[in-house]
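*Asks:* Read top to bottom, the protein sequences are chains A and B.
Sequential numbering from 9 applies to the first sequence in my numbering.
Sequential numbering from 704 applies to the second sequence in my numbering.
Quick one: the structure is below, and I'll ask about it shortly.
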Amino acid sequence: MVLHKFGEKLYSGLVSTMTHHLEVISKSIEAAQGGLFLEELNRKWADHNKALQMIRDILMYMDRTFIPSTHKTPVHELGLNLWRDNIIHSAKIQTRLQDTLLDLVLRERTGEVINRGLMRNVIKMLMDLGSSVYQDDFEKHFLEVSADFYRAESQQFIECCDCGEYLKKAERRLNEEMERVSHYLDAKSEAKITSVVEKEMVESHMQRLVHMENSGLINMLVDDKYEDLGRMYSLFRRVPNGLFIIRDVMTSHIRSTGKQLVTDPERLKDPVDFVQRLLDEKDKNDKIINLAFNNDKTFQNALNSSFEYFINLNSRSPEFISLFVDDKLRKGLKGVSEEDVEVVLDKVMMLFRYLQEKDVFEKYYKQHLAKRLLSGKTVSDDAERSLIVKLKTECGYQFTSKLEGMFTDMKTSEDTMQGFYASSFAETGDGPTLAVQVLTTGSWPTQPSATCNLPAEILGVCEKFRGYYLGTHTGRRLSWQTNMGTADLKATFGRGQKHELNVSTHQMCALMLFNNADRLSYKEIEQATEIPASDLKRCLQSMACVKGKNILRKEPMSKDIAEDDAFFVNDKFSSKFYKVKIGTVVAQRESEPENQETRQRVEEDRKPQIEAAIVRIMKSRRVLDHNNIVAEVTKQLQSRFLPSPVLIKKRIESLIEREFLERDKVDRKLYRYLA
Amino acid sequence: MRRSSTRKTASSKATSKELERIDQLFYSYANRSSNLIDPEGIEVLCSDVEVDHTDVRILMLAWKMKAEKQGYFTLEEWRRGLKALRTDTVSKLKKALPELEKEVRRPSNFVDFYSYAFRYCLTEEKQKSIDIESICELLDLVLGSQFQAQVDSFVEYLKTQNDYKVVNMDQWMGFFRFCNEISFPDLRNYDPELAWPLILDNFVEWRRAKHS
């Protein structure tokens with residue numbers, strides 16, 4: 009027909025025939041009752057498709073020649089359009105179809121099993137008719153109805169569920185919707201429907217969920233509810249600001265519990281426990297972030313900044329962390345494997361990193377290390393050195409040079425002692441054995457040096473050593489730090505019990521007096537030894553008033569030492585051990601006045617450091633404004649401590665007074681370097 | 704040092720009569736043994752020109768002479784001052800004082816006078832700062848008439864605080880700049896970022912705390 013120029017006739021005939029046919033079909037679909045409606049539609053659609061295919065094949069020639077030249081709709085597409093206009097958009101079918109589909113979805117949501125295959129076919133039909141048909145006739149309404157549904161449902165859930173339960177339900181709903189899409193909807197709908205669920209079930213209720221009483225985020229954190237937290241994380245991350253809310257609440261929670269921890273006066277009594285609790289808190293939160301929050305970097309940063317915030321709220325944190333290390337290195341790490349030691353030290357370093365006042369830590373660490381080294385109490389040299397290496401990598405060479413100097417001194421002293429005993433200065437005999445540690449002034453924490461009167465026997469060896477040492481090292485000066493030493497004494501008590509007593513040098517001085525006397529008054533001991541009163545009282549107390557260690561007897565019996573007390577050797581002393589350790593010098597938390605003093609020393613030490621930084625900066629910049637100086641000084645010093653702007657300003661003014669700097673005559677913000 | 708220079712100038716024979724009269728006037732107040740007008744001499748001079756010896760105009764006279772040591776005038780300083788004022792008698796000097804005050808109050812001179820006043824009070828070798836009590840008096844003396852409210856408030860602050868026992872040149876000059884630049888009493892244009900000496904930051908903070 010096309011060849012005979014009847015193309016137009018053939019085409020219009022096709023249109024009218026098909027339209028007529030479809031009107032009939034439409035009637036029969038309309039006539040289908042209830043559930044049969046979809047099935048009828050589906051069947052007719054399949055028929056129509058088959059017919060359309062055949063028509064297209066028959067009319068292929070028209071499709072190829074006549075249609076393109078006259079710009080008419082190709083046969084197949086024409087068939088679809090006619091189906092759309094006559095069936096889907098027919099007044100009686102259009103809304104009925106929509107309602108039926110949505111009703112089926114609703115029924116499935118409420119737990120009924122529906123014919124998914126049928127559903128898929130019908131939806132597929134809508135998609136085949138063009139994406140606009142699918143969107144306008146189904147998707148748009150589907151999304152609206154879903155939003156209403158989930159709005160209502162979430163409202164109902166939130167009233168009766170706790171947070172964890174709610175999240176579980178929300179997650180399940182979300183999965184269901186995704187599954188629905190994969191089964192019978194257009195894949196493009198997934199993002200749309202999930203965003204509806206996210207909005208209605210998560211976003212609208214975020215605040216309420218997070219702050220839900222007894223089951224909200226804070227309770228989950230407290231109770232380590234990794235699963236619930238993980239669920240919250242994965243749901244909240246889908247909506248804008250969701251993670252921000254979680255992070256915010258977590259941060260303020262960590263800060264407030266941390267603050268409580270570090271400011272609780274009870275906690276201050278036991279520094280080791282204090283630090284252990286900090287570490288536990290850190291572990292706990294690390295684990296949460298690891299297990300529930302996907303190791304999210306922003307969460308880790310929030311955790312770190314929270315710790316930095318509250319650790320520095322307590323000015324004694326640096327001291328306590330050093331005490332914790334001291335405790336671990338004295339006894340805590342005994343019998344612990346090398347790897348475990350490293351783990352503990354790494355944790356300590358992590359806390360150290362949070363400290364703003366690293367110089368305060370250094371000060372205490374030096375004191376504690378000195379005591380450990382001199383009393384020979386350190387468990388592991390390797391552990392000690394390992395920590396110093398860590399500090400060095402963290403803070404640089406300067407920070408640890410003195411600490412390393414202390415180790416060097418210990419090693420050198422060993423060699424010196426060997427040299428001494430190998431030399432002619434030391435005559436082996438019945439005399440006491442001396443072990444000297446030669447400490448470099450400046451490397452060790454300064455101790456008020458109060459030399460006491462040593463017993464004659466000791467004094468003799470000491471002088472020999474002095475002779476030997478100064479003979480090999482000319483131009484040096486030796487002074488005895490008797491307050492830092494220890495001694496081992498062999499003692500025989502009244503009933504013949506023999507013991508070896510490990511005492512401090514001061515205690516030894518006092519005990520040696522009893523070789524020549526049975527009874528000594530406090531005054532006599534004080535005069536003979538010249539040990540400062542406070543030290544002497546302490547060392548007598550630990551020899552006469554501590555049960556099990558009471559090698560001396562005191563009259564009158566009391567807990568404290570008084571000026572007019574008298575002392576005797578306790579003949580009845582007994583101990584099941586041969587070696588008895590009397591009152592050791594254990595590092596303890598400082599008393600309030602000592603603490604003040606250390607603080608003051610630290611403050612004094614900071615002044616020249618700040619000034620040096622200012623001068624360094626000004627020397628290279630010549631002219632710089634106030635704010636930039638403050639910023640640069642802070643940057644230069646922050647690895648050691650955080651100087652306050654006021655402190656920096658004070659040092660600048662002091663430098664102006666001493667004419668290192670001057671103010672610019674015109675621009676008063678500027679300082680000039682005066683060389 | 705000073706004495707030898709005095710002798711040198713004395714021996715170089717003053718030519719003009721004016722100079723002779725200035726010298727005569729000097730010796731009428733000078734202490735015979737030290738050849739200086741000492742505090743006693745200054746007191747006599749003050750009563751002759753009828754001003755109190757604590758009057759700011761005496762300090763201005765010292766500034767004009769560029770007197771170095773508080774309470775003393777050397778012959779050289781005396782000549783410098785009186786020649787510049789074109790005076791060689793007590794009555795002329797008395798008349799010249801109001802003019803001198805006007806001269807000092809001119810802004811270009813006043814900064815110099817203000818910093819001179821501080822240096823003039825440094826009596827000891829290597830002294831760089833002045834105790835609070837003296838500073839309060841000095842402030843009142845040199846700035847009191849111009850910036851009464853600021854001076855009163857600052858003096859009150861200085862007397863109540865415990866952080867500072869002395870004031871140095873930098874702080875002294877800072878306060879003058881403060882008086883000139885800062886709206887008072889509201890302090891609305893005070894910006895601590897502008898590197899004011901800390902003592903002024905503290906002063907402003909104290910004032911704000913007090914008035915809020």
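Even for Gly, the Cβ is constructed at its ideal location relative to N, Cα and C.
None of these values were measured; they are calculated from a predicted model.
(1) Compare the C-alpha of A:Met-240 against each of A:Leu-217, A:Leu-86, A:Thr-103 and name the closest.
(2) At a Cβ cut of 7 Å, what residues of the region 895 to 912 of chain B count as close to chain A, listed as they run along the chain?
(3) What residues in the region 815 to 837 of chain B bring their beta carbon closer than 9 Å to a beta carbon of chain C?
(4) 7 Å is my cut-off, CB to CB: does B:Asp-873 come that close to chain A?
(5) Entirely within the region 744 to 822 of chain B and at least 4 residues each: give me those alpha helix (DSSP H) ranges in chain order.
(6) By the 10 Å Cβ neighbour count, where 16 or more other Cβ atoms means buried, how is A:Thr-490 classified, buried or exposed?
(7) May I have a chain-ordered list of the alpha helix (DSSP H) segments no shorter than 4 residues that lie completely inside the region 189 to 266 of chain A?
(8) Should A:Val-594 be labelled buried (16 or more other beta-carbon atoms within 10 Å of its own) or exposed?
(9) Please check if any C-beta of chain B sits within less than 7 Å of the C-beta of A:Lys-673.
(10) Nearest-angstrom Cα distance between A:Ile-637 and A:Ile-622?
(11) Determine the contact status of B:Cys-882 and B:Leu-861, defining contact as a CB-CB distance below 7 Å.
(12) Could you please give the first and the last residue of the uninterrupted alpha helix (DSSP H) stretch that includes A:Ala-621?
(13) Under three-state DSSP, which class holds A:Tyr-69?
(14) Could one say the Cβ of A:Asp-304 lies closer than 7 Å to chain B's Cβ atoms, at least one of them?
(15) Return no unless some Cβ of chain B is closer than 7 Å to the Cβ of A:His-634.
(16) Can you pull the chain A residues whose beta carbon is under 9 Å from the beta carbon of B:Arg-880, in chain order?
(17) Step through the CB atoms of chain B and report whether any lies within less than 7 Å of the CB of A:Lys-658.
(18) Where do the ends of the alpha helix (DSSP H) carrying A:Phe-165 lie?
(19) Under three-state DSSP, which class holds A:Val-577?
(20) Between the region 176 to 188 of chain A and the region 97 to 105 of chain A, do three or more beta carbon pairs fall short of 8 Å?
(21) What is the residue span of the alpha helix (DSSP H) that B:Thr-863 lies within?
(22) In three-state terms, what does DSSP make of B:Thr-709?
(23) Near A:Leu-243, which residues of its chain fall below 7 Å by C-beta distance, leaving aside the five closest residues on each side in sequence?
(24) Identify, in the order they occur along the chain, each residue of the same chain with its Cβ nearer than 7 Å to the Cβ of A:Leu-151, setting aside the five sequence neighbours on each side.
(25) Quick test of your reading: A:His-149 and A:Leu-110, contact by CB under 8 Å. State the CB separation rounded to the nearest angstrom.
(26) Quick check: the Cα distance between B:Ala-770 and A:Leu-363, rounded to an integer number of angstroms?
(27) Within 10 angstroms of the Cβ of A:Ile-66, are there 16 or more other Cβ atoms? Answer buried if so, exposed if not.
(28) What does the alpha-carbon distance come out to for the pair B:Asp-758 and B:Ser-750?
(29) Could you tell me if B:Phe-879 is buried or exposed, where buried requires 16 or more neighbouring beta carbons within 10 angstroms of its beta carbon?
(30) Among residues of its own chain, excluding the 5 on either side of A:Met-418, which ones have a beta-carbon nearer than 7 Å to its beta-carbon?
(31) Helix, strand or coil for A:His-56 per DSSP?
(32) Which ranges would you report for the alpha helix (DSSP H) in the region 639 to 672 of chain A if only whole runs of at least 4 residues count?
(33) Taking the alpha-carbon positions, what's the A:Glu-390 to A:Val-283 distance?
(34) If you measure between the beta carbons of A:Phe-649 and A:Glu-370, is that distance less than 7 Å?
(35) Does B:Asn-892 come out as helix, strand or coil in the three-state DSSP assignment?
(36) For the beta strand (DSSP E) that A:Asn-510 lies in, which residues bound it at each end?
*Replies:* According to the structure data:
(1) A:Leu-217
(2) Closer than 7 Å at the C-beta level to chain A, one finds these residues of the region 895 to 912 of chain B: Glu-896, Leu-897, Ala-898, Pro-900, Leu-901.
(3) Note that chain C does not occur in the displayed structure, where the protein chains are A and B.
(4) Yes - at least one Cβ of chain A is within 7 Å of the one on B:Asp-873.
(5) 759 to 768, 778 to 788, 793 to 808
(6) buried
(7) Counting only runs of at least 4 residues, the region 189 to 266 of chain A fully encloses the following alpha helix (DSSP H) elements, listed from N- to C-terminal order: 197 to 205, 214 to 218, 225 to 230, 234 to 244.
(8) Low per-residue confidence applies at A:Val-594: pLDDT is 47, beneath 50, and the placement is therefore not dependable, though the value from the model is reported in the following sentence. A:Val-594 is exposed by the Cβ-count criterion.
(9) no
(10) 7 Å
(11) no
(12) 600 to 629
(13) helix
(14) No, A:Asp-304 does not count as interfacial toward chain B.
(15) yes
(16) Chain A residues near B:Arg-880: Arg-676.
(17) yes
(18) 148 to 168
(19) Strand at A:Val-577.
(20) Under the 8 Å Cβ criterion, the region 176 to 188 of chain A does not count as touching the region 97 to 105 of chain A, having fewer than three qualifying pairs.
(21) 851 to 863
(22) Summary for B:Thr-709: the model assigns pLDDT 49, below 50, so the residue's position carries little reliability, and this model does not support an answer.
(23) Leu-175, Ala-178, Glu-179, Val-210
(24) Lys-200, Ile-201, Val-204
(25) 6 Å
(26) 56 Å
(27) exposed
(28) 11 Å
(29) Buried.
(30) Leu-381, Gln-445
(31) helix
(32) 653 to 665
(33) Note that residue 390 of chain A is Asp in the sequence shown here, rather than Glu. Cα to Cα, A:Asp-390 sits roughly 22 Å from A:Val-283.
(34) no
(35) coil
(36) In this chain, the beta strand (DSSP E) harbouring A:Asn-510 covers 506 to 512.
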